[in-house]
Structure formats: structure tokens, C-alpha cells
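S.K.: Pasting a structure below so you can have a look.
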Amino acid sequence: MVAEKQIAKEMDSIAEIVELLKQNQKMESAANIVAMAVYVGKIDAKLDQLLTEVRDVQNQLKNIPETGNRTSMTSYLKTTVDHLSVQYKQMKEDLTQTKDTMKQKAGEIVKNVRKEGIKALNGVTEFFKIGERLKKIENKAKANLSKVDEMIERLDMFGKGMDEAKRQAVHSVNILKGKSEQQNVGSISSKMDVIKKPFIKEKEILENILQLTDNALNRCETLSQEAKGWYAGEFVQDEKTYHTSASLEKKTDDAIKRGLHKKR
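Okay, so the sequence shown: first residue is 0 according to numbering that gives the first Met the number 0, each after it adds one.
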């Protein structure tokens with residue numbers, strides 16, 4: 000119920016389609032559209048988090064001087080983070096277009112129902128076409144996740160490599176001084192753990208986006224399959240309940256049209 004209220008607030012036409020589907024006893028399809036719209040909204044929120052995270056990292060990297068052994072790593076981080084920033088913005092644009100498409104298709108279907116009656120509800124199959132856009136977002140999320148994983152791995156390797164180099168340097172100096180005891184030289188890897196934190200956060204968000212996108216795509220496919228059977232002569236699920244004789248269809252059309260006129 001809360002989900003439907005949120006949809007009604009953001010996408011009036013989609014909420015209206017959900018109500019029309021319920022009036023025509025297509026509860027499962029209504030639930031699938033609600034779920035799909037909710038998933039899209041959650042993906043949108045996650046993308047906002049990603050953009051905030053990457054913006055914070057960019058600001059932090061600006062304050063790190065490129066000196067000594069840090070030069071190559073800092074340069075790599077800045078280049079990679081700038082690339083991810085562009086990719087996240089593109090994902091956000093793709094999702095905005097997806098939401099606009101949903102609103103547009105929903106508005107068209109509602110107008111057609113007012114003109115043609117219940118048969119126009121078959122146009123909800125248009126919703127499953129947003130699957131192509133969602134798939135595009137999913138592919139970008141996978142590519143960006145791979146890039147973030149690579150960055151985390153490089154930071155680990157850099158920290159371990161620097162620790163080993165530091166130990167070797169101290170050991171060499173001790174040999175020259177005639178010292179044999181081991182000396183604690185501190186760990187750069189622990190500092191890398193701090194640097195990795197925002198990237199680990201981005202990794203978690205991207206994984207969440209992939210899960211949400213997969214859920215939304217499943218709803219798209221289910222909705223598509225349901226819609227295929229709606230007007231093939233009769234809605235085959237429970238013949239007693241969904242039998243679509245011409246007289247029953249006309250009564251349903253008239254009832255929906257009356258409902259729409261009341262809303263206006």
C-alpha cells in the first residue's frame with residue numbers, strides 16, 4: 000500500500016493503470032507493475048548514493064600531493080575515479096530516461112483506455128520494453144563493479160608491496176650498521192584500508208543495483224508473459240473468473256469508462 004502511494008505521488012498515470020488492472024481482476028499484473036516501479040525508484044536512490052560517494056572521493060584526491068612512490072598510485076586513482084564518475088552519471092541519465100518512458104507509456108495507455116475501453120490495457124506490454132534500458136544499466140553496473148574490484152585489488156597489492164620494500168630498506172640499513180634484530184617499520188597496508196573504504200562502499204552499492212535491476216527485469220518478463228494471454232480469446236487462468244465473452248467485456252469497458260469519467 001505504501002509503495003502504491005509513492006507511485007501515485009511520482010507517477011500518476013502508472014498508479015491509474017494499476018487501479019484499472021485491479022478493476023479488471025488482473026491483480027498479479029498490477030502487483031508486478033507496482034514492484035517494477037518501486038525497484039526503479041530504489042535504483043534511482045542507489046545511483047544518487049554512488050554519485051555522492053564518487054564526488055567525495057574526487058574532493059579527497061585533490062588534496063593528496065603526488066610525491067615519491069605515491070605519484071603513480073595517486074594518478075591511477077584520480078584517473079579511475081574520474082572515469083567512474085562519468086559512468087555513474089551516464090547510468091543516472093539512462094535511468095531518468097527509463098522513468099520518463101514509463102510515464103509516457105502509462106499516459107498513452109490511460110488515454111487509450113478512455114477512448115477504446117479495456118482492450119487498450121493490453122498496452123501494458125509496452126512496459127516490458129523498458130527491459131532493454133534496464134539491461135543497459137545492468138551491463139554498465141557490472142563493468143563499473145569490475146573496475147572498482149580491480150582498484151581495490153591494486154590498492155591491496157600496492158600496500159603489501161610498499162610494506163615489503165620498506166622492510167627490505169630498513170633491513171639493509173641495519174646490516175650496514177651491524178644490527179641483526181628485527182625492527183618494526185609500520186604498515187602502509189593499514190593506511191590502504193582507510194583509502195579503500197569509499198571504494199568498498201561503492202562496490203556494495205553497485206551490487207545492490209545489480210540485484211534491484213535483476214528483480215525489475217524479472218518483473219518485466221513476468222508482465223510480458225501475463226499480457227500475452229489476456230486477449231487470446233479468453234484469459235486462461237481460471238476460466239470461471241476470467242472468461243472474456245463479448246458481453247462481459249463490454250460491461251467491463253463501460254464500468255471502467257464510468258470510473259475514469261468520475262476521476263475527471
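Heads up, the beta-carbon is just placed ideally off N, CA and C, and yes, glycines get one too.
1. Looking only at its chain, what residues have a beta carbon closer than 8 Å to the beta carbon of Leu120, apart from the 5 residues adjacent to it on each side?
2. May I ask you to report which of helix, strand or coil DSSP gives Ile63?
3. Under the rule that 16 or more other beta-carbon atoms within 10 Å means buried, what is Ala36, buried or exposed?
4. When the distance is taken between beta carbons, is Val147 closer than 7 Å to Lys88?
5. Taking the beta carbon of Lys104 as the centre, do at least 16 other beta carbons fall within 10 Å, making it buried, or is it exposed?
6. Ends of the alpha helix (DSSP H) at Gln22?
7. Please classify Val85: is it buried, with 16 or more other beta-carbons within 10 angstroms of its beta-carbon, or exposed?
8. With a threshold of 8 Å, are at least 3 pairs of Cβ atoms found where one atom belongs to the stretch 32 to 52 and the other to the stretch 209 to 221?
9. Using three-state DSSP, classify Lys25 as helix, strand or coil.
10. Given a threshold of 16 other Cβ atoms within 10 Å of its Cβ, counted over all protein chains shown, does Asn62 qualify as buried or as exposed?
11. Should Ser145 go down as buried or exposed, given a rule of 16 or more other Cβ atoms within 10 Å for buried?
12. Inspect the beta-carbon positions of Asp99 and Ile136 and report whether they are closer than 7 Å.
13. For the candidate residues Glu131, Leu205, Thr51 and Ile208, whose alpha-carbon lies nearest to that of Glu220?
14. Suppose the cutoff is 6 Å on Cβ atoms and the five residues either side in sequence are ignored; what does the same chain contact list for Leu304 look like?
15. What's the C-alpha gap between Met101 and Leu222?
16. Candidates Met150, Lys134 and Phe157: which alpha carbon is nearest Lys77's?
17. Buried or exposed: where does Ala142 fall if 16 or more other Cβ atoms within 10 Å of its Cβ makes it buried?
18. Kindly indicate which three-state DSSP category Gly40 falls into: helix, strand or coil?
19. Keeping to the same chain, check which residues put their C-beta closer than 8 Å to that of Leu216; ignore five residues upstream and five downstream.
20. I need the straight-line Cα distance from Lys27 to Gln224, nearest angstrom please.
21. Is the separation between the beta-carbon of Leu264 and that of Val123 shorter than 7 Å?
22. Pick helix, strand or coil for Glu116, following the three-state DSSP scheme.
23. Am I right that Ala140 and Leu60 are in contact with their C-beta atoms under 8 Å? What's the rounded C-beta distance?
24. With distance defined between alpha-carbon atoms, name the residue in Thr97, Gln57, Val193 and Gln96 nearest to Thr79.
25. Might you give, ordered along the chain, the residues of its own chain that have their beta carbon closer than 6 Å to the beta carbon of Lys34, omitting 5 neighbours on each side?
26. For Ile32 and Asp11, I'd like the C-alpha separation in whole angstroms.
27. Give every residue of the same chain whose Cβ lies closer than 7 Å to the Cβ of Ile199, excluding the five residues on either side of it in the sequence, and list them in chain order.
M.R.: Reading off the structure:
1. Here the question's residue 120 lines up with position 121 in the sequence shown. Leaving aside the five residues that flank Leu120 on each side, the residues in its chain whose CB is nearer than 8 Å to its CB run, in chain order, Ile16, Leu19, Leu20, Asn23, Lys25, Ile108, Val112 and Trp229.
2. Reading the sequence shown from its first residue, position 64 is the one you call residue 63. If DSSP states are grouped into helix, strand and coil, Ile63 belongs with coil.
3. The sequence position of residue 36 within the sequence shown is 37, counting from 1. By the 10 Å Cβ count, Ala36 comes out buried.
4. Reading the sequence shown from its first residue, position 89 is the one you call residue 88. Reading the sequence shown from its first residue, position 148 is the one you call residue 147. No, the Cβ-Cβ distance between Lys88 and Val147 is not below 7 Å.
5. For the purposes of this step, residue 104 is identified with residue 105 of the sequence shown, where counting begins at 1. With 16 or more other Cβ atoms within 10 Å, it is buried.
6. Looking up residue 22 in the sequence shown gives position 23. Its alpha helix (DSSP H) spans residues Asp11 to Gln22.
7. To locate residue 85, count along the sequence shown from 1; it is residue 86. Answer is exposed; the Cβ neighbour count stays below 16.
8. yes
9. The count along the sequence shown starts at 1 and reaches residue 25 at position 26. DSSP places Lys25 in coil when its eight states are reduced to three.
10. Residue mapping note: residue 62 aligns to position 63 of the sequence shown, counting from 1. So Asn62 ends up on the exposed side.
11. Within the sequence shown, the letter at position 146 stands for residue 145. Exposed: under 16 other Cβ atoms inside 10 Å.
12. What you label residue 99 is simply residue 100 of the sequence shown in a count that begins at 1. What you label residue 136 is simply residue 137 of the sequence shown in a count that begins at 1. Taking 7 Å as the Cβ cut-off, Asp99 and Ile136 do not qualify as a contacting pair.
13. The residue labelled residue 220 in the question sits at position 221 within the sequence shown. Ranking the options by Cα distance to Glu220, first place goes to Glu131.
14. No answer is possible for residue 304: the residues shown for the chain start at 0 and end at 263.
15. Translated into positions along the sequence shown, residue 101 becomes position 102. Translated into positions along the sequence shown, residue 222 becomes position 223. Those two C-alpha atoms are separated by around 14 Å.
16. Here residue 77 corresponds to residue number 78 of the sequence shown, with the count starting at 1. When each option's Cα is compared against that of Lys77, the closest is Met150.
17. By 1-based counting over the sequence shown, the position of residue 142 is 143. Exposed.
18. Reading the sequence shown from its first residue, position 41 is the one you call residue 40. Reduced to three states, the DSSP call for Gly40 is helix.
19. Along the sequence shown, read from residue 1 onward, the residue named residue 216 stands at position 217. Closer than 8 Å at the Cβ level, and outside the excluded window around Leu216, lie Gly130, Leu133, Lys134 and Glu137.
20. Sequence index remark: in the sequence shown, residue 27 carries index 28 (1-based). Sequence index remark: in the sequence shown, residue 224 carries index 225 (1-based). It should be pointed out that residue 27 corresponds to Glu in this sequence rather than to Lys. One C-alpha to the other measures close to 12 Å.
21. Within the shown structure, residues of the chain are numbered from 0 to 263, placing residue 264 beyond reach of any answer.
22. For the purposes of this step, residue 116 is identified with residue 117 of the sequence shown, where counting begins at 1. Here residue 116 turns out to be Gly, not Glu, going by the sequence shown. Three-state result, Gly116: coil.
23. As a working mapping, residue 140 is identified with position 141 in the sequence shown. As a working mapping, residue 60 is identified with position 61 in the sequence shown. In fact, because the Cβ distance is near 23 Å, the residues do not count as touching under 8 Å.
24. Taking the first residue of the sequence shown as 1, we reach residue 79 at position 80. Answer by Cα proximity: Gln57.
25. As a first step, residue 34 is located in the sequence shown; it is residue number 35 there, counting from the start. Reading the sequence as shown, one finds Ala at residue 34 and not Lys. Taken in chain order, the residues that qualify are Arg218.
26. On the sequence shown, residue 32 is found 33 positions in, with the first residue counted as 1. On the sequence shown, residue 11 is found 12 positions in, with the first residue counted as 1. Computed Cα separation, rounded: 13 Å.
27. What you label residue 199 is simply residue 200 of the sequence shown in a count that begins at 1. Once the five neighbours on either side are set aside, the close Cβ partners of Ile199 are Ile151.
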